[in-house]
Amino acid sequence: MVRKERISVPRPKSEFLSGTCVKCGTENVFYSNSTKEVKCKQCGEVLAYNTGGKVEHSESLGAEVKRLDYT
Ligand SMILES: [Zn+2]
Numbered sequence: 032m033v034r035k036e037r038i039s040v041p042r043p044k045s046e047f048l049s050g051t052c053v054k055c056g057t058e059n060v061f062y063s064n065s066t067k068e069v070k071c072k073q074c075g076e077v078l079a080y081n082t083g084g085k086v087e088h089s090e091s092l093g094a095e096v097k098r099l100d101y102t
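Residue 32 is where the sequence shown starts when you use our numbering, and the numbers rise one by one after that.
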């Protein structure tokens, strides 16, 4: 981990995440604050549920979820 010089860097609350569907192995990119459930683009398995704020990952989403950094 690289230590940042400034602590209070403004960050967006939401972010794009990338995770793999455990059913078919397809990598899906989704929005952490999606307003609806996230389904696998390949097989339609629900990968994350909308909880009114951040999405909650379902068990069909692989354990390794990457955060996509973008500026
Ligand atoms: Zn799938």
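For each residue, glycine too, the CB sits at the ideal point set by N, CA and C.
Asked: Excluding the 5 residues preceding and the 5 following S65 in the sequence, name in chain order all residues of the same chain whose CB lies nearer than 8 Å to its CB.; Found: A79, N81, V86
Asked: Which residues in the same chain as K97 place their Cβ atom closer than 8 Å to its Cβ, once the five residues preceding and following it in sequence are excluded?; Found: L48, S49, G50
Asked: Might you give, ordered along the chain, the residues of its own chain that have their beta carbon closer than 6 Å to the beta carbon of V77, omitting 5 neighbours on each side?; Found: E68, K70, S89
Asked: Beta carbon of K44, beta carbon of T57: below 8 Å?; Found: no
Asked: Give the single residue among S39, D100, C55 whose Cα lies nearest to the Cα of G93.; Found: C55
Asked: Any idea what DSSP makes of V53, helix, strand or coil?; Found: coil
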